[in-house]
Amino acid sequence: MNRRQNPNSRYWKGFTLIEVMLALSLTAMLLGLLSTGVFVVADDWNRNTEVFDQTLDESLAILQIDRALHGAFPHSFTNRELLSRQIYFSGDDEFISWVTTVSPQRRPGLTAWQMYAIPDEGVYLKTVPAFSDDPTQRLDEAEATLILPGHELELSYLYEDLDESLIWTQEWEGAERLSLPLAIYVRFIPDDSQPEGSVDKEVLARVRNNIHRSIRPNLNE
């Protein structure tokens, strides 16, 4: 009776070898596609994260520069050779050195900053404490930090002429003018090493404390 009711019971033993091999092949193919997709997503994530980190570092560096320029201070010192008091500030179109109330380590007191660019390398920055003397020697001996790799630097300085017109110039010497400029314009220009589509970064800082309380500015120019 059992044989008559289940005439094909001898075929109900499971999957055939071909079916098992086909299932394993499909599983391996799916796992390969999945692993490839995960690798592509992870690589894209790491690449985007590196770009984001670089952009964040550049933004923080530019923000610090902006704050330091806004906080520029007419630091005075005595020139022992000329026996006269001078204002520390020196700048041209690719170099600037100034004293500011902003400290990168948030330390009290004034800080001397120096920023310049080296072709094919980037923009460098030096900072040292500004005591009551000329900080030039300490800046020369300080170690520079590369803050914006692959960028060039362009600077200009705003002053008021004798006829009260505002003029931008590419040089400013505090020792000669005995004052600071009214404003400082900084342009960070990406070079050929930067990704295509990189844009210039700009800083326009107004200098509020541009005149010393006791040293009168030189208006001869």
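Quick note: the sequence shown uses our numbering, first residue 1284, plus one each step.
A virtual CB, placed ideally from N, CA and C, is assigned to each residue, including glycine.
Buried or exposed by the 16-neighbour rule on C-beta atoms within 10 Å, applied to residue i
i       : result
Phe1414 : exposed
Gly1392 : exposed
Asn1493 : buried
Ile1590 : The chain is shown only over 1284 to 1504; residue 1590 falls outside these bounds and no answer can be derived.
Leu1314 : exposed
Ala1306 : exposed
Thr1332 : Its pLDDT being 44, under 50, Thr1332 is placed unreliably in this model, and the value from its coordinates should be taken loosely. With fewer than 16 Cβ atoms within 10 Å of its Cβ, Thr1332 is classed as exposed.
Gly1480 : exposed
Ile1348 : buried
Arg1496 : exposed
Leu1343 : exposed
Val1469 : buried
Ser1462 : buried
Ala1400 : buried
Residues that DSSP places opposite residue i in a beta bridge
i       : result
Ile1467 : Tyr1440, Ala1488
Glu1456 : Ser1373
Glu1435 : Ile1472
Val1411 : Ala1395
Ile1450 : Tyr1442
Val1303 : BP columns for Val1303 are empty, so no partner.
Ile1430 : BP columns for Ile1430 are empty, so no partner.
Val1406 : Ala1400, Leu1431
Nearest to residue i (by Cα), restricted to the options the options
i       : options                            : result
Tyr1371 : Ala1488, Glu1456, Tyr1468          : Glu1456
Pro1432 : Ser1367, Asp1403, Ile1450          : Asp1403
Val1490 : Ala1355, Ile1301, Ile1345, Met1398 : Ala1355
Glu1454 : Leu1316, Leu1445, Glu1437          : Glu1437
Glu1364 : Asp1417, Pro1500, Asp1376          : Asp1417
Ala1466 : Asn1501, Val1486, Ser1497, Pro1500 : Val1486
Arg1499 : Ser1481, Pro1357, Ala1311          : Pro1357
Arg1460 : Tyr1440, Ala1395, Ala1427, Glu1479 : Tyr1440
Ser1386 : Met1304, Glu1341, Leu1346          : Leu1346
Gly1374 : Thr1361, Leu1366, Gln1397          : Gln1397
Asp1483 : Ile1301, Glu1302, Ser1308, Glu1341 : Glu1341
Phe1471 : Thr1452, Gln1420, Phe1378          : Phe1378
Distance CB(residue i)-CB(residue j) smaller than 8 Å
i       : j       : result
Leu1422 : Ser1380 : yes
Arg1368 : Ser1359 : yes
Asp1474 : Glu1435 : yes
Val1382 : Ala1395 : yes
Val1411 : Ala1425 : yes
Tyr1442 : Pro1478 : no
Leu1449 : Leu1502 : no
Ala1458 : His1353 : no
Residue i at chain C interface by Cβ criterion, 8 Å
i       : result
Ile1498 : You won't find chain C in this structure, because it holds only one protein chain.
- Message: I'd like the ranges of any beta strand (DSSP E) spanning at least 3 consecutive residues and lying wholly in the region 1350-1387.
- Response: Counting only runs of 3 or more, we get 1359-1362, 1367-1370, 1372-1374, 1378-1383.
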